[in-house]
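The structure appears right after this line, and notes come after that.
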Amino acid sequence: MHELSIALNLVEIVEEAARRAGAECVVAVHLRLGAMSGVVREALEFCFPLAAQDTLLADARLEIEMVPLVLACEPCGREVRPAKGSFRCPFCGTPSAQICQGRELEVSGIEVPDSEPTVEEAETSACSGSEMDDRPGTADGKRDVGR
4 MHELSIALNL
14 VEIVEEAARR
24 AGAECVVAVH
34 LRLGAMSGVV
44 REALEFCFPL
54 AAQDTLLADA
64 RLEIEMVPLV
74 LACEPCGREV
84 RPAKGSFRCP
94 FCGTPSAQIC
104 QGRELEVSGI
114 EVPDSEPTVE
124 EAETSACSGS
134 EMDDRPGTAD
144 GKRDVGR
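Each residue of the sequence shown is one higher than the last, beginning at 4 in my numbering.
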């Protein structure tokens, strides 16, 4: 299961970025994962909390955006989403090995608390396990790092 080594590397990369930003903890990690990345989403989701133990990411959520496979079809001049398990253009049937999208394994964002909470806030902060509103543009006390 290589997802454990991927999760360990992911935690290391995110923790380093969070420390550079002066964060005391990480609320969430946003990851783009391509259909052809070779990573099993469920295995990565299982390994992430294990890899994050005793780090700034110990209580962080892993938010995964799946990126579908997109191929370039030279004869058609189109970018196409083939049928599952196929590398053929759904319009002309030509096989294509030119992948435009779907190999991604990238951190697209890191959420950290905006500032150090007061003693009262610490009891309900995202780093102590409670949920916060994470919609973009809301006054939720979080900031994005590294997007």
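Glycine residues also receive a C-beta, built at the ideal position from the N, C-alpha and C atoms.
These figures come from a predicted structure and were not determined experimentally.
Determine the burial state of residue i: buried for a count of at least 16 other Cβ atoms within 10 Å of its Cβ, exposed for fewer.
| i | result |
| --- | --- |
| GLU19 | exposed |
| CYS95 | exposed |
| HIS33 | buried |
| LEU47 | buried |
| ALA100 | exposed |
Quick one: give me the first and last residue of the alpha helix (DSSP H) that residue i is part of.
| i | result |
| --- | --- |
| VAL110 | Careful: VAL110 lies outside any alpha helix (DSSP H), inside the beta strand (DSSP E) at 108-116. |
| ALA55 | 44-55 |
Residue i by DSSP, collapsed to three states: which one?
| i | result |
| --- | --- |
| ARG91 | strand |
| VAL83 | strand |
| LEU65 | strand |
| PRO78 | coil |
| ALA20 | helix |
| ALA26 | coil |
| LEU11 | helix |
Between which two residues does the beta strand (DSSP E) holding residue i run?
| i | result |
| --- | --- |
| ALA31 | 31-37 |
Can you check DSSP and say which residues form a bridge with residue i?
| i | result |
| --- | --- |
| VAL73 | GLN104 |
| PRO98 | ARG91 |
Can you name, in chain order, every residue of its own chain whose Cβ lies under 6 Å from the Cβ of residue i, other than the five neighbours on each side?
| i | result |
| --- | --- |
| CYS103 | VAL73, ALA75, GLU82 |
| LEU7 | CYS50 |
Which same chain residues end up closer than 7 Å to residue i when comparing Cβ atoms and leaving out the 5 residues on each side of it in sequence?
| i | result |
| --- | --- |
| ILE16 | VAL110 |
| ALA21 | VAL29, LEU59, ILE113, VAL115, VAL148 |
| PRO98 | PHE90, ARG91 |
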